[in-house]
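Engineer: Residue 2 is where the sequence shown starts when you use my numbering, and the numbers rise one by one after that.
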Amino acid sequence: MSPGPRPRPCPGPDAVYLGLDGGGTNTTVVATDAAGRELARVRGGAGIVNPADPGARAGTLAELARRTLEAAGAAAPAAALCCALAGAGREAERRAIREALARHAVAREIRVVGDIEAAFHDAFAAGPGLLIIAGTGSIAWGRAEDGRTARVGGWGHVLGDEGSGYAVGLAALRAVVRAHDGRAPGTALREPVLRHAGVDAPEGLIAWAAAATKADIAALTPHVATTAAAGDAVAAGILRAAAEELAAHARALYRRLGPWAEPAPVALTGGLLAPGGPLREATAAALRALELPLRLLDSTVDAARGAAALARGAAPPARA
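(1) For glutamate 110, which residues does DSSP report across the bridge?
(2) With the cut-off set at 8 Å, would you say histidine 224 and histidine 197 are in Cβ contact?
(3) Leaving out five residues on either side along the sequence, give the residues of the same chain with a beta carbon under 7 Å from the beta carbon of alanine 168.
(4) Identify, in the order they occur along the chain, each residue of the same chain with its Cβ nearer than 8 Å to the Cβ of threonine 69, setting aside the five sequence neighbours on each side.
(5) Return helix, strand or coil for glutamate 39, following the three-state DSSP convention.
(6) Can you tell me the Cβ-Cβ gap for alanine 287 and arginine 281, rounded? I've got them flagged as a contact below 8 Å.
(7) How is the alpha helix (DSSP H) around proline 266 delimited, first residue to last?
(8) Using CA atoms only, rank isn't needed, just tell me which of Asp123, Gly23, Val17 is closest to threonine 137.
(9) Express the C-alpha separation of glycine 271 and arginine 313 in angstroms, rounding to a whole number.
(10) Contact criterion: CB-CB distance below 8 Å. Does cysteine 83 meet it with respect to chain B?
(11) Any idea which residues DSSP pairs serine 139 with across the strands?
(12) Figure out for me which residue from Leu195, Gly238, Ala231, Ala234 has the closest Cα to the Cα of aspartate 217.
(13) From the DSSP output, read off the bridge partner residues of aspartate 22.
(14) Could you give the C-beta distance for glutamate 246 and glycine 164, rounded to a whole number, given that I count them as a contact under 8 Å?
(15) Looking at the structure shown, is arginine 91 part of a helix, part of a strand, or coil, going by DSSP?
(16) Could you check if valine 159 is buried or exposed, using at least 16 other CB atoms within 10 Å of its CB as the buried criterion?
(17) In terms of alpha-carbon separation, which member of Trp156, Ala66, Ala176, Lys215 lies closest to alanine 76?
(18) List the whole-angstrom C-beta distance separating alanine 265 from leucine 295, where the pair is believed to meet the contact cut-off of C-beta under 8 Å.
(19) Starting from the N-terminal side, write out each stretch of the alpha helix (DSSP H) that is 4 residues or longer and does not extend beyond the segment 201-242.
Structure (structure tokens):
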């Protein structure tokens, strides 16, 4: 008779848990102890998953995890690592990433989730709510009072990403070239957009845009926000339209996940929607304009912190 599977070792009281939040622009890794106290935080480059080769960035992610352990005064392997990654929506991709990371031996237990799952966990834990994320891309995810879940957006920059940094940047580029052609009103966006692209005239934007990454285009968003704040109507209209698209995400989720006995809590996160972000106030106004029973939360959502909490749940209980 063959022996059964060996039990997993329980982490000790000094165990370290890692939460990794990888998006289209940057990656953040947080180390916590078993009680959830933050020990270290390290940032790196983009952590988005390429569906054609999900494990391609495993080495980079593993190195960030090791650096975070070192900053926390701990050695690999961590008790558990949860990677919350943009683009890791399907189980086949998650499995490929887990297997690739396992070869680097940075953690005894490895869990891979989508970035929105970790952010939602940080915002609402196991409760109901609506979460809108807008950074380079955009997506919204919600949980009903009865536990049903739904996603809106997350279709990528070709099919979706409404209200995202990419969408704002693309709208700015189009506004400049259309104004140049005389098809649209003039805009003060012209100079900051040309300067950002490193070209002297709108014609130079053709080659720049063809070679630009999504992050390159999304990086135009601060210029749009600054120009809007200076009174440019075109830039202000771009931000207002983006905010309305994000509010439409919330409206769709609210309707799909109803009925609601209480006002639905809404959390905003991502580079555009975090406190001080260029779209936070405009999106809050667009949500109020929906005239739905929504309750906007003021708290900061931290997907890396949420991933660390999920990592603590993925490991066996700590022994005293």
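Heads up, the beta-carbon is just placed ideally off N, CA and C, and yes, glycines get one too.
Structural biologist: So, from the data block:
(1) For this step, residue 110 is matched to residue 109 along the sequence shown. When beta bridges are read from the DSSP output, glutamate 110 appears opposite Ala81.
(2) What you label residue 224 is simply residue 223 of the sequence shown in a count that begins at 1. What you label residue 197 is simply residue 196 of the sequence shown in a count that begins at 1. Yes; because the gap between Cβ atoms is below 8 Å, this pair is in contact.
(3) As a working note, residue 168 is residue 167 in the sequence shown. Scanning its chain for C-beta atoms nearer than 7 Å, with the 5 sequence neighbours on each side dropped, one finds around alanine 168 the residues Asp162, Ala243, in chain order.
(4) Taking the first residue of the sequence shown as 1, we reach residue 69 at position 68. If we look at threonine 69 and ignore the five residues flanking it on each side, its Cβ neighbours are Leu19, Val30, Val31, Ala32, Ala41, Arg42, Val43.
(5) Here the question's residue 39 lines up with position 38 in the sequence shown. The answer is strand: DSSP assigns glutamate 39 an E or B state.
(6) The residue labelled residue 287 in the question sits at position 286 within the sequence shown. The residue labelled residue 281 in the question sits at position 280 within the sequence shown. Alanine 287 to arginine 281, Cβ: 11 Å. No contact.
(7) In the sequence shown, counting from the first residue as 1, residue 266 sits at position 265. First-last for proline 266: 265-270, but that is the beta strand (DSSP E), not the alpha helix (DSSP H).
(8) Numbered from its first residue, the sequence shown carries residue 137 at position 136. The option with the nearest alpha carbon to threonine 137 is Gly23.
(9) If you number the sequence shown from 1, residue 313 lands on position 312. If you number the sequence shown from 1, residue 271 lands on position 270. Roughly 23 Å separates the two Cα atoms.
(10) Of the protein chains in this structure there is only one, and it is not chain B.
(11) Here residue 139 refers to the residue found at position 138 when the sequence shown is read from its first residue. Per DSSP, the beta bridge partners of serine 139 are Ala135.
(12) For the purposes of this step, residue 217 is identified with residue 216 of the sequence shown, where counting begins at 1. Minimum Cα distance to aspartate 217 is reached at Leu195.
(13) The residue given as residue 22 occupies position 21 in the sequence shown. Partner residues in the beta bridge of aspartate 22, as assigned by DSSP, are Thr29, Ala85.
(14) Stepping through the sequence shown from its first residue, residue 246 is reached at position 245. Stepping through the sequence shown from its first residue, residue 164 is reached at position 163. 4 Å between Cβ atoms; contact.
(15) Translated into the one-based positions of the sequence shown, residue 91 becomes position 90. It is coil, neither helix nor strand.
(16) On the sequence shown, residue 159 is found 158 positions in, with the first residue counted as 1. By the Cβ neighbour-count rule, valine 159 is exposed, with fewer than 16 other Cβ atoms within 10 Å of its own.
(17) Translated into the one-based positions of the sequence shown, residue 76 becomes position 75. That would be Ala66, whose Cα lies nearest to the Cα of alanine 76.
(18) Here residue 265 refers to the residue found at position 264 when the sequence shown is read from its first residue. Here residue 295 refers to the residue found at position 294 when the sequence shown is read from its first residue. Yes, they are in contact, since the Cβ atoms of alanine 265 and leucine 295 sit about 5 Å apart, within 8 Å.
(19) The qualifying runs are 206-212, 215-219, 222-230.
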